[in-house]
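S.K.:
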Amino acid sequence: MHYKEIAEFLLSHGASINMQDKNGEIALHHAIMHDCKELSKFIDDKIEYLAINLLAMKLWNKLRNPMDFNDLIELLLSNGADVNAKFKESHSPLHVASVKYNIKLVEILISHGADVNALNEIDKTPLDNVIKRESLEDDTDILEKLKKVRRILISHGGKLR
Numbered sequence: 001m002h003y004k005e006i007a008e009f010l011l012s013h014g015a016s017i018n019m020q021d022k023n024g025e026i027a028l029h030h031a032i033m034h035d036c037k038e039l040s041k042f043i044d045d046k047i048e049y050l051a052i053n054l055l056a057m058k059l060w061n062k063l064r065n066p067m068d069f070n071d072l073i074e075l076l077l078s079n080g081a082d083v084n085a086k087f088k089e090s091h092s093p094l095h096v097a098s099v100k101y102n103i104k105l106v107e108i109l110i111s112h113g114a115d116v117n118a119l120n121e122i123d124k125t126p127l128d129n130v131i132k133r134e135s136l137e138d139d140t141d142i143l144e145k146l147k148k149v150r151r152i153l154i155s156h157g158g159k160l161r
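Residue numbers for the sequence shown follow full-length UniProt numbering, beginning at 1 and rising by one.
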């Protein structure tokens, strides 16, 4: 039996599309993380409402190489994920994407209403973190990306604390 048939069977017998597992993840998360495109599309077509305010927490480890996850994040945000959800050290998704110099993800998050002046637990904004990262970086390619992220944050009202 294929994943789509299993999902159809479960849904036809009253299973909730938004049932969370012990980690707070729903079927859509699993479908995307495991690249089940057919199941992911099926679930996306059936979604009633996504209660996903754990976006940052669930993607913390995935953001080590965030360029691979822009589509996933766009999908989650388009379905109601909280763009300003805080996680470890009270970082927002924008804090993480900024210091990981993921320009596209920074733009996606801002376009979905990310707070460019959100504070983490040590009262630092994404811009504060980018500038600190710039001061520690030797790689010229990474420095250029960080500078672009800095310009994007400033152009959207980002301030230093």
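Using N, Cα and C, we set each Cβ at its ideal position, and we do this for glycine too.
On a predicted model such as this, the values are computed, not experimentally measured, just so you know.
Out of curiosity, what's the CA-to-CA distance linking residue 21 and residue 144?
M.R.: Each residue's Cα considered, the two are about 41 Å apart.
S.K.: Between the Cα of residue 74 and the Cα atoms of 135, 86, 110 and 91, which residue gives the shortest distance?
M.R.: Checking every option, the nearest Cα to that of residue 74 belongs to 110.
S.K.: Going by Cα to Cα distance, which pick from 13, 78, 95 and 115 is closest to residue 133?
M.R.: Selected option, being the one with the closest Cα: 95.
S.K.: Measure the alpha-carbon distance for residue 113 versus residue 85 and round it to whole angstroms.
M.R.: Cα-Cα distance, rounded: 12 Å.
S.K.: Between the beta-carbon of residue 129 and the beta-carbon of residue 99, is there less than 8 Å?
M.R.: Yes; because the gap between Cβ atoms is below 8 Å, this pair is in contact.
S.K.: Can you grab the Cα-Cα spacing for the pair residue 97 / residue 78, in whole Å?
M.R.: Those two C-alpha atoms are separated by around 18 Å.
S.K.: What is the rounded straight-line gap between the Cα of residue 118 and the Cα of residue 93?
M.R.: Taking the straight line joining both Cα atoms gives about 10 Å.
S.K.: Excluding five sequence neighbours on each side, which residues of the same chain lie with their C-beta closer than 7 Å to the C-beta of residue 146?
M.R.: Contacts found: 101, 130, 133, 134 and 137.
S.K.: Consult DSSP for residue 97 and reduce its assignment to one of helix, strand or coil.
M.R.: Three-state result, residue 97: helix.
S.K.: Apply the 10 Å Cβ neighbour rule to residue 150 and answer buried if 16 or more other Cβ atoms are within range, or exposed otherwise.
M.R.: Classification for residue 150: buried.
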